[in-house]
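**Student:**
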Amino acid sequence: MGCCHSVEDSTHTDASKPPLQDNLSIAVQVGDTSESSSRSTSPHEAVEVVQDEYLKREFKASMNQNISYVFNDIIDDKHSKYMKHYSGNPVRETLFWGIGIENESYLMLADRCPTSSFPSLQHKSERYSVDYFKNFKSKPFQAAWQKACSLPQLTYPIYVNSHTFQKADPKGNHKTLYDAEGTPNPAFTESIHDHLMRESAAFREVYDKSIVYDGDSIEFITQRFYNGTVADCVQEWTDREALMLREAAPLYEKWGIGTLMYPDHNYGFVTFLSTRKKNLGICNTGTVHVNLTLPTILMDGCIANKDAFAKTHLNFIEYIQMLEPLIIACYGTPDVLSMLGDGYSLGSLRVSRSRYISLQTFDTAAPINGKLLLMDKPADPAFWYNQLKGSPYYLNPSIGYDVNFNKFKNHGIELRFFDWFPEDLWPAVLNLFVLLAQHSVARGKSHTFDKKRYNGIILACVQKGCTARLSSLECNVILEDLGLEPFADSDVHMAPLELLQLISDQLYNAHRDGAITQQMSPLMERPHLVDYNRTAFEALWKDLFGRPELIIRAEENPLETRTTIAPSELASILPYYRVSVETSSTRCYTDEEYRNGGANIVSRGYWEQTRHSLVIGLKGLPPAVHVCPTQTHMYFAHCFKGQEGSAAILSQLEGSTLIDYEFMTNREGKRVLSFCAQSGKVGAYLALMAYCARKTKSSVIPAFHEDTYQIGIETVLLGIDAPRVLLIGYGTAGKRAKQVLDQFGVETTIWTSQSTPSLSVIREHQILIHAIRLPDDTSKLVKPFLTKDDVSGWRGRGSLSVVCDISCDLGNPRNTLPIYDEWTLSEKGDSYVRRLDSGIDLIAIPHLPSLDPEISSSEFSSTLVDYLPHVRWFKWLHGVERAAEIQRSYETFLSARKS
């Protein structure tokens, strides 16, 4: 495998055997590697470059001296079995195309190892293996390792590699002792492979054909490539995987080794059965090599026109190289260390290392056919790989090829840069490349393609993966090279998947009926591409952090009966979190409802004892409580706009993570999560009820109940003139208030930020509803609409009789309605309304939605639960969907803390 030692890592197995070549003529010699091979390394580069003697030997052994443009056919031992497809055909001229897959994989045991055994794993290379720890700078690696050792829910699997099959018996005894001489091990009995060969006829039939051991990997190689289709290729691959597991798994069960399975993702940390679970395994990415040969005329089993064959396939390679960064960003597997330290790659660990593979390294201007593994690292400092110099990785002096051309007779190209991803996702990706092949043939040479323009794009995609955002300029580099319509809008910023799907859709629309498409993937459906990079990240994150604890905190305010998560929503978050709910007698839902929903009921204040937890609340924390730095808190903190007590709140949260619901905003700056709509609804109802009570000289306003209020207001308004209402603010709260006013036919004047306030206009209205949201920028001041001076002596000097302050910015120096000093409802038994000295009836309740708690909680909860899975990793995937909205709130917190 790419990160193991199979096809890519095992050239020593056949390097001593020169390829058999036919006697076709060599026309032109192109390219000379002597200059790049002899260049010196600067002292600064020497610090960054990993000194890997194994890699140096591999580089020397893999030098391929075959030259082009009209190339010699290569028929080596490994690929000679394919030659039967080209012989014995009675038709002298035939049309041939090919599609095949080589998947280098591991198996694993179903049971995972716990975090308790993780710190004892040795940082040593696997037996029969190379030392991958040399690819990582020691200091950042050790820091990440120590962090991993502290994680209470970390788990890791036991991998089963080819050496376990070939070189160990069922009890784990190796053929030889672990010494320099390779002394035979007297305890060894018979290899697992020999058992399998003896007991399974099905395995015997395919072994060394479609199932082989290559290096430490188990490799599946499809055989029915000749004039094959995408669907047939993937089916054969999955059939061979199923056969291997079906035949081997019962033996592992019988011997008590464990339940055998395939990895469901590329695990970041593993241990291997072959070294008795003593060593830490890193760089465990499975790989897939895709082999594509475009439709070609063969004469007597040989390519009829090698010049045309080369030009067609080399042109196709350039089109592939245009898409390589997007493929890596969408389908690469991140480095697990990216979740534990800075600078590690989110796109693809394997490409970041570029050991035996890389991106855009095959040179179509100086092509060499045959098996190419290693080349000198380009000297250009701008080359994307060289820009990783400041990363936690050591750079290799020699790196791999992204593509091989004509590895053996009649072979087209091999794509080497794919990390493994689930088999059911492969048809769409293979179909994309079939469409790209058709496009490259139909369009011909792309005269704008220049790899130097891709360095920044590749670097972003490799390091940031699915979180990368490509500017319109970067998108247009790819689109123009492909011959597709570029973006005219300079403000475009696209995720890699968005751009890749856009390209795929255009290619499908243009070429779904093309000859190549119909030959290699008949009846092709539109490829649906996915962001597997994100899926892989989430899986690795879960390996490290498990299901963290989410705690629904009990509120301090006895009048606050709302909650942030309703019991009915627990089922949607239990796959991601262990949920604990602090007991509460005032919450609108009972403890029993939460227990029945799957939550654990805990004592009040339980959250204070926890680490690595997500603590969900509504309003502020108790002021004297210490907050653990490893906790994440979500609540309305009211501390980013200069409110009274802000400094104390920020100090209390020092070192921890705060996500304030109020500052979770979308790209347009609009809040995505709030009780504002409920505030607007309840506030409008209360304002009308207060007005009706005043008109009917009633001293009591009943507890809020929407149906009761609706009947009461309708009844009173039938006998009096309807009030005129001034609504200041027309955001979420204002719009919902307006809906309530409209249902009673109340005339409403609306002021927005574009309106010019006028005291005389205010006086002309009977009701004022104040529902503005202060600007987030605390330097922006808004002149108060009413002050105490304005309303002093107001009695009898205007129509205004009811003021409902939905905004409730009491204590904020930018308060735009500073006409009162205390809320109108702060203790049980208080009235919703208080009459001011001016004769105005004031409603100022900072928790209006709590008057309708179940509806408010249900509406808020239904939105919040969509964000909770993303809270776990928003600091890494902050450019992705809902994580970006969470990140904006967190950045506001960081900014406030600094200031």
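All you need for the working numbering is the position in the sequence shown, starting with 1, plus 140.
Each residue gets a CB set at the ideal place from its N, CA and C atoms; glycine is no exception.
#1: Name the residue from P863, G737 and E700 whose alpha carbon lies nearest to the alpha carbon of P715.
#2: For the segment 1013–1028 against the segment 802–810, are there 3 or more C-beta pairs whose distance is under 8 Å?
#3: Assuming I907 and P863 are in contact, meaning their beta carbons sit under 8 Å apart, how far apart are those beta carbons, in whole angstroms?
#4: Suppose the cutoff is 7 Å on Cβ atoms and the five residues either side in sequence are ignored; what does the same chain contact list for T770 look like?
#5: Along the chain, which unbroken stretches of the beta strand (DSSP E) at least 3 residues long are found entirely within the segment 294–336?
#6: Beta-carbon separation of F328 and P532 under 8 Å?
#7: Out of S350, V569 and E678, state which residue places its alpha-carbon closest to the alpha-carbon of Q1058.
#8: Kindly list the residues whose CB is nearer than 7 Å to the CB of R593, restricted to its own chain and excluding five residues on each side of it in sequence; keep chain order.
#9: Would you report the Cα separation of Y960 and S932, rounded to the nearest angstrom?
#10: Going by DSSP, name the residue or residues bridged to C253.
#11: Distance check for G540 and L463, CA to CA, integer angstroms please.
#12: Which full runs of the beta strand (DSSP E) of 3+ residues lie inside the segment 465–542, going along the chain?
#13: What is the DSSP secondary structure of I215, reduced to helix, strand or coil?
#14: For P707 and E733, which I take to be in contact (beta-carbon distance under 8 Å), what is that distance rounded to the nearest angstrom?
#15: Please state the DSSP three-state secondary structure of R709.
#16: Which whole-angstrom value describes the C-beta separation of Q659 and P435, a residue pair presumed to lie in contact below a C-beta threshold of 8 Å?
#17: Using alpha carbons as the reference points, say which of S990, H845 and D861 lies closest to K835.
#18: What are the complete beta strand (DSSP E) segments, minimum 3 residues, inside the segment 825–891?
#19: Could you tell me whether the segment 641–653 touches the segment 251–258, using the rule of 3 or more Cβ pairs below 8 Å?
#20: CA-CA distance, I529 and L639?
#21: In angstroms, rounded to a whole number, what distance separates the CA positions of I691 and R744?
#22: Output yes or no for whether 8 Å exceeds the beta carbon distance between C601 and P636.
#23: Could you check where the beta strand (DSSP E) with I718 kicks off and where it finishes?
#24: Compute the Euclidean distance between the alpha carbons of D731 and S725, then round it to the nearest angstrom.
#25: I need the straight-line Cα distance from L982 to E695, nearest angstrom please.
#26: By Cβ distance below 6 Å, which residues in the same chain neighbour S498 in space, the five residues on each side in sequence not counted?
#27: Helix or strand or just coil, what does DSSP make of M462?
#28: Within a Cβ cutoff of 6 Å, which residues of the same chain sit near A582, ignoring the five residues on either side of it in sequence?
#29: Around the C-beta of H651, are 16 or more other C-beta atoms found within 10 angstroms, so that it is buried, or is it exposed?
#30: Take every Cβ of the segment 397–414, pair it with every Cβ of the segment 334–347, and state whether three or more of those distances are shorter than 8 Å.
#31: Consult DSSP for T772 and reduce its assignment to one of helix, strand or coil.
#32: Report, in whole angstroms, the separation of the C-beta atoms of F573 and L432, which I expect to be a contact under 8 Å.
#33: Any idea if R344 is buried or exposed, counting beta-carbon neighbours within 10 angstroms, 16 or more meaning buried?
#34: For G584, which option in V901, L336, T452 and G605 has the closest C-alpha, if you only look at C-alpha atoms?
#35: With a threshold of 7 Å on Cβ separation, who are the neighbours of A388 within its own chain once the five nearest residues in sequence on each side are excluded?
#36: Measure the alpha-carbon distance for A250 versus K781 and round it to whole angstroms.
**Tutor:** Quick answer:
#1: G737
#2: yes
#3: 5 Å
#4: R751 and H752
#5: 298–300
#6: no
#7: Summary: the structure shown does not reach residue 1058, with the chain confined to residues 141 through 1039, and so no result is reported for it.
#8: If you ignore the 5 residues before and after R593, its C-beta comes within less than 7 Å of the C-beta of V617, all in its own chain and listed in chain order.
#9: 11 Å
#10: Y296
#11: 18 Å
#12: 514–516 and 538–540
#13: strand
#14: Going by Cβ atoms, the distance from P707 to E733 rounds to 4 Å, so yes, they are a contact pair.
#15: The sequence as given places Glu at residue 709; Arg does not occur at that position. E709 falls in the helix class under three-state DSSP.
#16: 6 Å
#17: Of S990, H845 and D861, the residue nearest in Cα terms is D861.
#18: 864–868 and 887–891
#19: no
#20: Inspection of the sequence shows that residue 529 is occupied by Lys rather than by Ile. Taking the straight line from one Cα to the other gives about 28 Å.
#21: Rounded to the nearest angstrom, the two C-alpha atoms are 11 Å apart.
#22: Yes.
#23: The amino acid at residue 718 is misidentified as Ile; the sequence shows Arg. Per DSSP, the unbroken beta strand (DSSP E) holding R718 starts and ends at R718 to E722.
#24: 8 Å
#25: 26 Å
#26: I539, G540 and D542
#27: In the three-state DSSP reduction, M462 falls in the helix class (H, G or I).
#28: Excluding positions up to five away in sequence, the list is empty.
#29: buried
#30: no
#31: strand
#32: 7 Å
#33: exposed
#34: T452
#35: L336 and L400
#36: A250 and K781 have their C-alpha atoms some 52 Å from each other.
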